[in-house]
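> In my numbering, the protein residues as written are 551 to 706. Glycine included, C-beta positions come from ideal geometry on N, C-alpha and C. Provided herewith is a single structure, encoded as structure tokens, for subsequent inquiry.
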């Protein structure tokens, strides 16, 4: 597969592809990461815990605990390593190796759902009022407007 620089390619197996998974509470995805910088950006699965197994390459992974601690838990994973992302928590994977990385993720739901944080916040349709985001992120309004102008729906 040819991977767009800095990004990933995902092949999912869930209830949309295999209706027989309905009610079984499982799904799977293969994730191919571009060499150094391949990123599965901060996102969440509101309906599933995720278990990630690295097959090739080296990934820096992590998740953020819930309020009020907002503690970052990270680890560098090599082939054969496994990491769990608890249901609903914001998490990411980043290829820190110079070669392609490949991982499989299993989910505790036949339809785990995904919300990519930047896309949801800065790429919503219609856009969130910039005054809300300016205050929430303590950013200059010009920066918020710039971020909202990016091509977010295909930015993952």
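What residues match up with residue 700 in a beta bridge as DSSP calls it?
None, per the DSSP bridge assignment.
> State the start and end residues of the unbroken beta strand (DSSP E) segment that holds residue 652.
651 to 657 is the span of the beta strand (DSSP E), which, as asked, contains residue 652.
> For residue 694, count neighbouring Cβ atoms within 10 angstroms of its own Cβ and tell me buried if that reaches 16, exposed if not.
So residue 694 ends up on the buried side.
> Is residue 570 close to chain D, meaning its C-beta is less than 7 angstroms from at least one C-beta of that chain?
The chain inventory of the structure shown lacks chain D, comprising one protein chain alone.
> Is the beta carbon of residue 659 closer than 7 angstroms to that of residue 566?
For residue 566 and residue 659, no; Cβs fall outside 7 angstroms.
> DSSP on residue 608, reduced to helix/strand/coil?
In the structure shown, residue 608 sits in coil (DSSP, three-state: anything other than H, G, I, E or B).
> For residue 645, report the span of its alpha helix (DSSP H) as first-last.
Careful: residue 645 lies outside any alpha helix (DSSP H), inside the beta strand (DSSP E) at 641 to 645.
> Pop quiz: residue 641 and residue 613 are said to be a contact at Cβ under 8 angstroms. What is the actual Cβ separation, rounded to whole angstroms?
That pair is a contact at about 4 angstroms.
> Any idea if residue 582 is buried or exposed, counting beta-carbon neighbours within 10 angstroms, 16 or more meaning buried?
Per the 10 Å Cβ criterion, buried.
> Please state if the CB of residue 578 and the CB of residue 563 are separated by a distance shorter than 7 angstroms.
In contact: residue 563 and residue 578 (Cβ atoms closer than 7 angstroms).
> Quick check: what's the CA-CA separation for residue 580 versus residue 698?
Each residue's Cα considered, the two are about 30 angstroms apart.
> Cutting at 7 angstroms between CB atoms, please list the residues of its own chain near residue 603, excluding the five before and the five after it.
Contacts found: 632, 653 and 654.
> Roughly how many angstroms separate the alpha carbons of residue 558 and residue 685, rounded to a whole number?
So the two alpha carbons sit approximately 32 angstroms from each other.
> Quick one: grab the DSSP three-state call for residue 563.
Three-state result, residue 563: strand.
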